[in-house]
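**Student:** Those protein sequences? They're chains A and B, same order as listed. In this text, residue positions in the first sequence follow the numbering used here: the first is 29, and each later residue adds one. In this text, residue positions in the second sequence follow the numbering used here: the first is 1003, and each later residue adds one. This is the structure I have questions about; it appears just below.
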Amino acid sequence: MSSDNSSPTSRFALARRLAPALALTSAGVALINVLDRPVDLSASGSAGVADIGGSTEAGAGQTVTGATVPAPTTTTVTAATVVTSTVPPVNGATPDTTPVTTPAPASAPAACGAKKSTGSTTDIVDRNRVFGTLVVTAKFASNGELCGVAVNFDVWDRKSVQIEQYALPKLNARAKKAKSANIQGVSGATAVSRAYAASLQAAIDAKPL
Amino acid sequence: MNSTNLTVPVAPVAKLEQRRPLARPSSTNLKANDLVIVIVAIFAIVTAAWAMTGGWNQVSSGWSHAWRAAASLTGLYTSLFGMVGLTLSARLKTMERAIGLDRLLNWHRIAGDTMGLLLAVHIFTSIPAEMPVRGGFINTVLDFTGREPYMALTAIGSALVAVVVVLSLKDIRNKISYETWYFVHLTVYFGLAASFSHQITLGSMLSNDRYVRLVWVGSSIAIFATALFGRWWKVFGSVARPLHVRAVSKETGDTVSVLLGGRNVLRLRGDAGQFVMIRSLVRGQWWKTNPYSLSAVPTTAGLRVTIKNRGDASSATRHLRVGDRMAVEGPYGVTTPEVFGDKRPLFIAGGVGVTPVCALLQRLPSDSRPTVLLRARHESEVAHLSEIRALATRCGGEVFVLTGRTAALKGKDPFSARSLSRVVPELSSRVALVCGPTALMFAARRGLREAGVSKDDIHMEMPWW
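Here it is in structure tokens:
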């Protein structure tokens, strides 16, 4: 480079050369402050509840778990066309797929939840790694048919929370449709699907007569 | 490789007071290949850890999984290349002795470029990987730029890294002044540190296994600290213990030789063929460093460097006065006299590239019969020419000066295998040192390789900027 030979020690040489770096750094710091708006997913542990097909009473029963859960994580999907989502619209973690509105059989709702049984607490495990646990509560109509499912889960990292929130409504809908634990897993959530099916099977096996 | 047969001549340089050569640079058994093996091994271990913690399974289980697997692997590689790059620029003594600062810094640049590429791949695979879970493209991008904790830091950190990588592309870098580029390029420290935390919160391999996490965080901190201290401690040391200009003498129309001496020179170890990074501690210059080859064997009397006025900092050397303080880092470089072994040396130098030749000739044994090829526009432009002639004659060698503009030498490549072997006897069994402008170095290397000189016997220091 053949730059200014004539004035090797121009007055603001250092300042001029430092300016871009300083500008870049301060722009970076400022942008971080503007952008950093984390959505708190796990203020008090990453437990959550996904409930489908339950009556309001059943839903109220779930708030025992729900109370310990920070509001944004609680995704309640009720079968009766009403989709309640306490997730604020700003929360990007809410999957578009959450509002699974499973059309409830017209005759069933009143009777659904007449009998309940809770399955085994199952580890969500992929090979040798454990992400957390879940436990399925199955609700049965008076004729003994599976008519609703509620899940409590307790996972240990924020990524799993997202996977849970994404997968469990789908699994609930599938179980309700199949009326058994013989359901297809959700892709992207294999470990959850497996644990879910196992716990649900246990709940069905323990169905009160 | 034993140094007893290499002697130091008494006379030719200049009349200097009582002097003896400085201690030779420490030797090491480490080879460049060893370092490559270590780096490859680290990559293999990380890849294996990724595969065993589910990465491999993900690849073969559907698109969204494959994206996720690719994102995590490229993420790991990106930060590995960042760490490798930092380590290379840390000027660790053993590594420098084995590989040479010039090659370390060239590797540093390659690591940086690769990191930039991988960073792009990492970003563009992370988005499709997370889209199903986060509800679409927009939501994913918003999450990754601030809603997800630590991701605002990461996004800005990666942006800084990207800016630095783009500015470091040769075409762009040559358009801005070296120091402007250099200061911007230092913001990469901030960029790397800022984007670190997301590796822990989002990287599934790291967030799910405590021991993996411990090793990863530990080594990252260690490498960051090594880079910071290794690099900057040397700068502080050189400023705290500067050398002083003892003598300045004009060599040719645009070159001066400068003798840097003083008490602090005794702390240095160095040999002919090495170079130093010089920071002139005068007003308006202290924030610039430039590399200069030693043009004489470094002695207790001082280091002699020969500086050509190319503009910028080196033009300030014309205003050098005896007594000015100069911060000196180094000497660095691995083309010490040992590289010649028992073979006949061949020097090819152009322009101010004669300086290491001059120093190395002083250290050659009297039966080494070197050949020196110098390239210049005019003989009067070759610094230290009479000194080089005297030194070469002393050890039975010859000096050829090829003058004239390259355009005037039409049709004849002076460094083709044919022209070289016409001038240089026993060409293929020589050890060659090439020094000068990049074009000359490449031309000479091509010619030497064609003439049958083995790759290990061609030594040159590539510019890294």
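Positions of the beta carbon are idealized from the N, C-alpha and C atoms, including for glycine. Keep in mind the model is a prediction, meaning the values are calculated, not measured.
#1: How would you label B/GLY1325, buried or exposed, when you count the other beta carbons within 10 angstroms and need 16 or more for buried?
#2: Answer with yes or no whether the minimum CB distance from A/ARG186 to chain B is below 8 Å.
#3: Check each residue of the segment 1419 to 1449 of chain B: if its Cβ is closer than 8 Å to any Cβ of chain A, include it; give the result in chain order.
#4: Within the segment 1035 to 1086 of chain B, note down every full alpha helix (DSSP H) run reaching 4 residues or more, in order along the chain.
#5: Who are the near neighbours of B/THR1405 in its chain, counting only those whose CB is closer than 7 Å to its CB and skipping five residues on each side?
#6: Taking CB distances under 8 Å as the criterion, tell me whether A/ARG45 reaches chain B.
#7: Under 9 Å Cβ-Cβ, which residues of chain B neighbour A/ARG202?
#8: Helix or strand or just coil, what does DSSP make of B/ASP1256?
#9: Could you compute how far the alpha carbon of B/ALA1196 sits from the alpha carbon of B/MET1153?
#10: By the three-class DSSP mapping on this structure, what secondary structure does A/ARG222 have?
#11: Would A/GLY176 pass as a contact of A/LYS205 if the rule is Cβ separation under 8 Å?
#12: What number of angstroms, rounded off, separates the C-alpha of B/ILE1309 from the C-alpha of A/LEU46?
#13: Any idea if B/MET1462 is buried or exposed, counting beta-carbon neighbours within 10 angstroms, 16 or more meaning buried?
#14: Buried or exposed, going by whether 16 or more other CB atoms sit within 10 Å of the CB of B/TYR1213?
#15: Can you tell me whether A/LYS235 is buried or exposed? The criterion is at least 16 other CB atoms within 10 Å of its CB, across all chains shown.
#16: If you check the beta carbons only, do B/VAL1374 and B/VAL1401 fall under 8 Å apart?
#17: Of all the residues that make up the segment 206 to 222 of chain A, which are near chain B by a beta-carbon distance shorter than 7 Å?
#18: Under the three-state reduction of DSSP, which class applies to B/HIS1187: helix, strand or coil?
#19: Given a threshold of 16 other Cβ atoms within 10 Å of its Cβ, counted over all protein chains shown, does B/GLY1343 qualify as buried or as exposed?
#20: Indicate whether B/GLY1205 and B/SER1074 have their beta-carbon atoms separated by less than 8 Å.
#21: Around the C-beta of B/PHE1349, are 16 or more other C-beta atoms found within 10 angstroms, so that it is buried, or is it exposed?
#22: What residues in the segment 1339 to 1372 of chain B bring their beta carbon closer than 7 Å to a beta carbon of chain A?
#23: Using a beta-carbon distance below 8 Å, is A/VAL105 in contact with chain B?
#24: Which chain B residues are close to A/PRO66, counting only those with a beta carbon under 7 Å from its beta carbon?
#25: Check whether the segment 1326 to 1333 of chain B touches the segment 1280 to 1288 of chain B, counting contact only when three or more Cβ pairs, one atom from each stretch, lie closer than 8 Å.
#26: With 16 as the cutoff for other CB atoms within 10 Å, does B/MET1054 come out buried or exposed?
#27: If you draw a straight line from the C-alpha of A/VAL164 to the C-alpha of B/LEU1208, how long is it?
#28: Would you say B/PRO1358 and B/GLY1275 are within 8 Å of each other, going by their C-beta atoms?
#29: From the DSSP output, in three-state form, read off A/GLU173 for me.
#30: Within 8 Å of any Cβ in chain B, is that where the Cβ of A/TYR194 sits?
#31: Mapping the DSSP letters down to three states, classify B/PHE973 as helix, strand or coil.
#32: My assumption, with CB atoms under 8 Å, is that B/VAL1384 sits in contact with B/VAL1403. Please give the rounded CB distance.
#33: Of the residues B/VAL1336, B/VAL1166, B/PRO1130 and B/ARG1149, which one's Cα is nearest the Cα of B/LEU1119?
#34: Would you call the segment 1134 to 1151 of chain B and the segment 1097 to 1113 of chain B in contact, with 3 or more CB pairs under 8 Å?
#35: Less than 8 Å between CB atoms is the rule here; does A/PRO197 satisfy it with respect to chain B?
#36: If you run the structure through DSSP and keep just helix, strand and coil, what is B/ARG1281?
**Tutor:** The relevant details are as follows:
#1: The residue given as residue 1325 of chain B occupies position 323 in the second sequence. Exposed, since its Cβ has fewer than 16 Cβ neighbours within 10 Å.
#2: Working through the first sequence from its first residue, we reach residue 186 of chain A at position 158. So, interface residue.
#3: none
#4: 1058 to 1061
#5: Within the second sequence, numbered from 1, the residue matching residue 1405 of chain B stands at position 403. Excluding positions up to five away in sequence, the list reads ALA1378, ARG1379, HIS1380 and GLU1381.
#6: For the purposes of this step, residue 45 of chain A is taken as the residue at position 17 of the first sequence. Yes, because at least one Cβ of chain B sits closer than 8 Å to the Cβ of A/ARG45.
#7: As a first step, residue 202 of chain A must be located in the first sequence, where it is residue number 174. In chain order: nothing, as chain B lies at least about 16 Å away.
#8: Here residue 1256 of chain B is taken as the residue at index 254 of the second sequence, counted from 1. Coil, per DSSP.
#9: Translated into positions along the second sequence, residue 1196 of chain B becomes position 194. Translated into positions along the second sequence, residue 1153 of chain B becomes position 151. So the two alpha carbons sit approximately 9 Å from each other.
#10: On the first sequence, position 194 is the one that residue 222 of chain A refers to. Three-state result, A/ARG222: helix.
#11: Within the first sequence, residue 176 of chain A is the residue found at index 148, counting from 1. Within the first sequence, residue 205 of chain A is the residue found at index 177, counting from 1. Not a contact, by the Cβ cut-off of 8 Å.
#12: Here residue 1309 of chain B refers to the residue found at position 307 of the second sequence. Here residue 46 of chain A refers to the residue found at position 18 of the first sequence. Roughly 26 Å separates the two Cα atoms.
#13: Walking along the second sequence from the start, residue 1462 of chain B turns up at place 460. Flag for B/MET1462 reads buried.
#14: The residue you call residue 1213 of chain B lines up with position 211 of the second sequence. The residue is exposed, with fewer than 16 neighbouring Cβ atoms inside 10 Å.
#15: Taking the first sequence and counting its residues from 1, the one referred to as residue 235 of chain A is at position 207. By the neighbour-count rule (16 or more Cβ atoms within 10 Å), A/LYS235 is not buried but exposed.
#16: Counted from its first residue, the second sequence places residue 1374 of chain B at position 372. Counted from its first residue, the second sequence places residue 1401 of chain B at position 399. Yes, the pair counts as a contact, with Cβ atoms nearer than the cut-off.
#17: SER215 and GLY216
#18: Taking the first residue of the second sequence as 1, we reach residue 1187 of chain B at position 185. Three-state result, B/HIS1187: helix.
#19: The residue given as residue 1343 of chain B occupies position 341 in the second sequence. Exposed, since its Cβ has fewer than 16 Cβ neighbours within 10 Å.
#20: As a first step, residue 1205 of chain B must be located in the second sequence, where it is residue number 203. As a first step, residue 1074 of chain B must be located in the second sequence, where it is residue number 72. Contact flag set, yes.
#21: Residue 1349 of chain B sits at position 347 when you count from the first residue of the second sequence. Per the 10 Å Cβ criterion, buried.
#22: none
#23: In the first sequence, residue 105 of chain A corresponds to position 77, counting from 1. Annotation note: pLDDT 37 at A/VAL105 (below 50); position unreliable, coordinate value reported separately. It does not; no Cβ of chain B falls within 8 Å.
#24: Here the question's residue 66 of chain A lines up with position 38 in the first sequence. Chain B residues near A/PRO66: ARG1149, GLU1150 and PRO1151.
#25: yes
#26: Stepping through the second sequence from its first residue, residue 1054 of chain B is reached at position 52. Its Cβ having fewer than 16 others within 10 Å, B/MET1054 is exposed.
#27: Position 136 of the first sequence holds residue 164 of chain A. Position 206 of the second sequence holds residue 1208 of chain B. In a straight line, the C-alpha of A/VAL164 is about 29 Å away from that of B/LEU1208.
#28: Residue numbering aside, residue 1358 of chain B sits at position 356 when the second sequence is read from its first letter. Residue numbering aside, residue 1275 of chain B sits at position 273 when the second sequence is read from its first letter. Cβ atoms of B/PRO1358 and B/GLY1275: closer than 8 Å.
#29: Start at 1 with the first residue of the first sequence, and residue 173 of chain A comes out as number 145. Reduced to three states, the DSSP call for A/GLU173 is coil.
#30: Position 166 of the first sequence, counting from 1, holds the residue named residue 194 of chain A. With 8 Å as the cut-off, A/TYR194 counts as an interface residue toward chain B.
#31: Because chain B spans 1003 through 1467 in this model, residue 973 of chain B falls outside it and cannot be assessed.
#32: Position 382 of the second sequence, counted from the first residue, corresponds to residue 1384 of chain B. Position 401 of the second sequence, counted from the first residue, corresponds to residue 1403 of chain B. Confirmed, about 6 Å.
#33: Here residue 1119 of chain B corresponds to residue number 117 of the second sequence, with the count starting at 1. Nearest option by C-alpha distance: B/VAL1166.
#34: no
#35: Here residue 197 of chain A refers to the residue found at position 169 when the first sequence is read from its first residue. For A/PRO197, the answer is no, since every Cβ of chain B falls outside 8 Å of its Cβ.
#36: By 1-based counting over the second sequence, the position of residue 1281 of chain B is 279. B/ARG1281: strand per DSSP, three-state reduction.
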